[in-house]
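Peer 1: Next up is a structure, given as structure tokens.
Residue numbers (the working numbering), protein chains in the order written: chain A, 23 to 323; chain B, 155 to 576.
Now the structure itself:
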């Protein structure tokens with residue numbers, strides 16, 4: 023007998039494809055926010071599926087903090103070339119040079135918050151009316167309240183207490199000149215779903231997710247990669263460790279975990295046994311109880 | 155959790171509603187905690203907060219803490235979504251506040267749910283809030299309702315008290331259309347009958363809540379009879395290899411379509427046959443709801459977004475005026491005979507509310523046909539007229555082609571949710 027129901031991964035995939043097609047139909051100039059991390063890679067893969075056999079009607083947009091993993095950058099460039107899509111880059115360095123934002127100082131300096139200005143400037147200067155992101159509601163408590171279609175005012179701000187109600191699958195992307203939307207096709211996916219899907223679909227991901235040897239220092243309960251961008255002092259003792267990354271952000275704030283998982287199967291198995299959330303290794307979320315909410319209100323991803 | 159049954163495990167969407175005092179947050183916290191869906195860093199954070207508040211152990215309710223204002227005021231403002239997985243299913247909980255001023259959030263959370271969990275405090279029995287939640291579950295046609303009689307520890311695990319509440323609830327059901335109701339006596343605080351069976355209620359022979367959620371039969375809840383395929387967008391690759399390709403992209407909202415089926419495109423009425431059902435992973439012989447696919451047809455007919463592909467022998471109604479129940483979602487009241495954009499499947503038209511037949515008081519379910527002003531959180535039966543025909547089914551037969559939203563063009567906000575009656 024045929025089964026006339028979808029498994030949960032198939033249903034999540036179908037939902038995401040539906041959302042991506044709604045974006046194509048409702049917006050004039052949509053982009054996929056591409057960080058080189060697994061979530062935006064999955065969204066890009068879903069976009070390929072949604073518009074097959076045509077190319078997907080979105081550019082990729084990358085906010086370049088200048089503090090990237092070199093592996094992420096080469097992965098991005100290869101993907102753009104293979105897909106034959108347009109790449110828009112927003113530069114944090116340019117925003118710093120233009121005096122729009124000021125670099126943080128000290129040992130834990132990061133460019134994380136500075137991305138907001140570069141992101142919003144690039145959205146405005148390219149007249150982007152919709153930025154598709156890989157955000158998931160299971161990541162963080164502020165994100166648990168996020169809509170699939172999330173409205174941003176003409177300052178790019180999110181008003182969590184005044185969101186449009188979202189019923190059934192009727193997505194309202196109407197907006198005025200200067201406003202834009204953030205759309206999250208994989209809102210209902212968890213970290214485990216993303217990994218199971220990557221495994222099922224055999225989606226290519228940066229080598230950083232697989233166990234590899236790297237020079238690191240122990241900070242804030244995780245292994246931070248040594249790089250030219252990391253401000254180090256006497257307290258930092260570089261060691262070589264076999265690690266892998268669970269999430270990818272800036273090289274200065276993304277902590278690795280010790281691991282031997284060097285295949286997708288082993289990663290899925292390891293994640294399944296994990297007792298820590300993935301953002302537990304992200305220094306950007308540890309700053310305060312509402313750090314994600316504060317950044318999101320201002321226009322963060 | 156590793157999922158060995160990834161090919162078969164289904165997704166269950168749950169809606170819960172309630173206020174701080176009836177133990178809703180504790181119940182969700184208990185489900186997450188006992189199903190081992192809480193990570194160590196989350197647990198440590200909650201333990202630290204519990205200590206800071208001068209209490210001991212783990213305050214389960216803190217797992218569902220949301221925005222800063224909510225934490226400060228100890229209330230839930232908006233719908234929050236929670237996720238957990240067991241070896242049997244993946245679960246999405248739409249967690250909504252239960253106060254009357256948040257009717258709109260309950261309606262939102264209920265719109266996609268397979269099952270509603272309704273919490274009743276064993277000491278208080280059925281309250282206005284219970285009626286309100288149940289009415290919304292009935293209005294939104296949630297296929298399954300589980301009434302959890304909570305705080306059984308505070309009524310000495312009394313079977314007669316439980317039965318009394320079941321009887322009370324059966325009484326209010328007569329005014330509603332809920333197909334499947336189950337009752338479970340629980341103590342969310344102590345974990346009785348949530349994930350693990352209670353040791354204090356031997357008289358209860360049924361399954362604990364989680365087991366019930368894992369085994370609810372939901373595959374047949376979706377309408378598999380009436381094939382409805384609203385077109386989202388037309389796929390036209392601009393390359394030589396697919397020169398004449400026109401794929402109608404959309405999601406099958408209900409029913410089944412097969413290659414070779416005789417179809418008709420609405421509203422044009424042109425007929426054709428399905429030439430292929432395409433996906434990135436290859437062609438399919440058949441597609442069923444809720445699959446996202448692209449259809450190609452034997453004939454070159456004019457079809458665009460907002461049109462609907464259906465079987466020639468099973469068509470929705472095409473109407474320009476119909477009755478519906480709506481829930482008003484916006485702080486600006488409805489304008490008398492005001493014009494709004496109606497969004498129904500992928501179709502958008504101008505519309506006007508031509509009559510307000512009655513309003514429902516959701517606390518006692520009484521009808522009021524004198525009050526014609528529609529304000530936020532009102533639920534009323536209206537007549538609506540559209541500039542062009544819509545392809546509709548009744549909401550009770552089809553949650554996709556029977557639902558719509560109204561959008562105010564002056565603000566672009568979603569101001570109403572509607573369920574089509576006839």
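The beta carbon of each residue, even a glycine, is placed where N, CA and C say it ideally should be.
May I ask you to report which of helix, strand or coil DSSP gives residue 256 of chain A?
Peer 2: It is coil, neither helix nor strand.
Peer 1: In three-state terms, what does DSSP make of residue 69 of chain A?
Peer 2: helix
Peer 1: If we require 4 or more residues per run, which alpha helix (DSSP H) segments fall completely within the segment 182 to 238 of chain A?
Peer 2: You should have 213 to 223.
Peer 1: Cβ of residue 376 of chain B less than 9 Å from any chain A Cβ?
Peer 2: yes
Peer 1: Between which two residues does the beta strand (DSSP E) harbouring residue 236 of chain B extend?
Peer 2: 234 to 239
Peer 1: Between A:174, A:168, A:93, A:115, which lies nearest to residue 152 of chain B when the distance is taken from Cα to Cα?
Peer 2: Since the displayed chain B opens at 155 and closes at 576, residue 152 of chain B lies outside it and no answer follows.
Peer 1: Less than 8 Å between C-beta atoms, sequence neighbours within five positions excluded: which residues of the same chain meet that for residue 225 of chain A?
Peer 2: 63, 64, 67, 219
Peer 1: So for residue 84 of chain A, helix, strand or coil by DSSP?
Peer 2: Strand.
Peer 1: Could you tell me which of B:339, B:188, B:291 sits nearest to residue 263 of chain B, measuring between CA atoms?
Peer 2: B:291
Peer 1: With distances taken between CB atoms, is the gap from residue 368 of chain B to residue 240 of chain B smaller than 9 Å?
Peer 2: yes
Peer 1: Tell me whether residue 217 of chain B is buried or exposed, calling it buried when 16 or more other Cβ atoms sit within 10 Å of its Cβ.
Peer 2: By the beta-carbon neighbour count (other beta carbons within 10 angstroms, threshold 16), residue 217 of chain B is buried.
Peer 1: Can you say whether residue 157 of chain B is buried or exposed, counting buried as having 16 or more other CB atoms within 10 angstroms of its CB?
Peer 2: Confidence in residue 157 of chain B is poor, its pLDDT being 48 and thus under 50, which makes the residue's placement too unreliable to answer from.
Peer 1: Does the beta-carbon distance from residue 161 of chain B to residue 29 of chain A come in below 9 Å?
Peer 2: Between residue 161 of chain B and residue 29 of chain A, the CB-CB gap stays under 9 Å.
Peer 1: Contact between the segment 165 to 185 of chain B and the segment 188 to 207 of chain A is defined here as three or more beta-carbon pairs at a separation below 8 Å; is this criterion met?
Peer 2: By the Cβ rule, the segment 165 to 185 of chain B does not count as touching the segment 188 to 207 of chain A, because fewer than three pairs are nearer than 8 Å.
Peer 1: Whose Cβ in chain A lies nearer than 8 Å to the Cβ of residue 297 of chain B?
Peer 2: Within 8 Å Cβ-Cβ: nothing; residue 297 of chain B doesn't reach chain A, min ~14 Å.
Peer 1: With a CB to CB cut of under 8 Å and the five nearest residues on each side skipped, what residues in its chain are close to residue 516 of chain B?
Peer 2: 254, 257, 285, 286, 289, 290, 533
Peer 1: Would you call the segment 205 to 221 of chain A and the segment 27 to 45 of chain A touching, i.e. three or more CB-CB distances under 8 Å?
Peer 2: yes
Peer 1: Return yes when the C-beta of residue 87 of chain A is under 8 Å from any heavy atom of the ligand NAP, and no when it is not.
Peer 2: The ligand NAP is not part of the structure shown, which contains no ligands of any sort.
Peer 1: To the nearest angstrom, how far is it from the Cα of residue 470 of chain B to the Cα of residue 544 of chain B?
Peer 2: 9 Å
Peer 1: Is it buried or exposed, residue 250 of chain B, if we count other Cβ atoms within 10 angstroms and call 16 or more buried?
Peer 2: By the 10 Å Cβ count, residue 250 of chain B comes out buried.
Peer 1: Less than 8 Å between the CB atoms is what I'm expecting for residue 465 of chain B and residue 415 of chain B, so what's the real figure, rounded?
Peer 2: 6 Å
Peer 1: What is the residue span of the beta strand (DSSP E) that residue 52 of chain A lies within?
Peer 2: 52 to 55
Peer 1: Alpha carbon to alpha carbon, how far is residue 304 of chain B from residue 273 of chain B? Give it in angstroms, no decimals.
Peer 2: 6 Å
Peer 1: Sort out for me which residues DSSP pairs residue 149 of chain B with in a bridge.
Peer 2: Because chain B is modelled from 155 through 576, residue 149 of chain B falls outside the range shown and cannot be assessed.
Peer 1: Which residues in the same chain have their Cβ closer than 6 Å to the Cβ of residue 191 of chain B, if we skip the five residues on either side of it in sequence?
Peer 2: 238
Peer 1: Quick check on this structure: which residue in A:148, A:168, A:135, A:155 has the alpha carbon closest to the alpha carbon of residue 54 of chain A?
Peer 2: A:155
Peer 1: Is residue 421 of chain B close to chain A? Criterion is C-beta to C-beta, closer than 9 Å.
Peer 2: no
Peer 1: Is the segment 31 to 50 of chain A close to the segment 400 to 408 of chain B, with three or more CB pairs under 8 Å?
Peer 2: Yes: the two stretches touch, three or more of their Cβ pairs being nearer than 8 Å.
Peer 1: Check distances from the C-beta atoms of the segment 174 to 189 of chain A to those of chain B and list, in chain order, the residues that come in under 7 Å.
Peer 2: Within the segment 174 to 189 of chain A, 182, 183, 185, 186, 187, 188, 189 place their CB atoms closer than 7 Å to a CB of chain B, listed in sequence order.
Peer 1: Checking 9 Å against the spacing of the C-beta atoms, do residue 183 of chain B and residue 234 of chain B come in under that value?
Peer 2: In this structure, residue 183 of chain B lies away from residue 234 of chain B, with their beta-carbon atoms at least 9 Å apart.
Peer 1: Is there a Cβ from chain A that is less than 9 Å from the Cβ of residue 529 of chain B?
Peer 2: So, not an interface residue.
Peer 1: Between residue 288 of chain A and chain B, is the shortest Cβ-Cβ distance under 9 Å, so that the two count as touching?
Peer 2: no
Peer 1: May I ask you to list the residues that DSSP assigns as paired with residue 430 of chain B?
Peer 2: B:450
Peer 1: Determine the DSSP secondary structure at residue 29 of chain A, reduced to helix, strand or coil.
Peer 2: Residue 29 of chain A sits in coil when the DSSP states are folded into three classes, being neither helix nor strand.
Peer 1: Would DSSP call residue 319 of chain B helix, strand or coil?
Peer 2: DSSP places residue 319 of chain B in helix when its eight states are reduced to three.
Peer 1: I need the DSSP call for residue 408 of chain B, collapsed to helix, strand or coil.
Peer 2: strand
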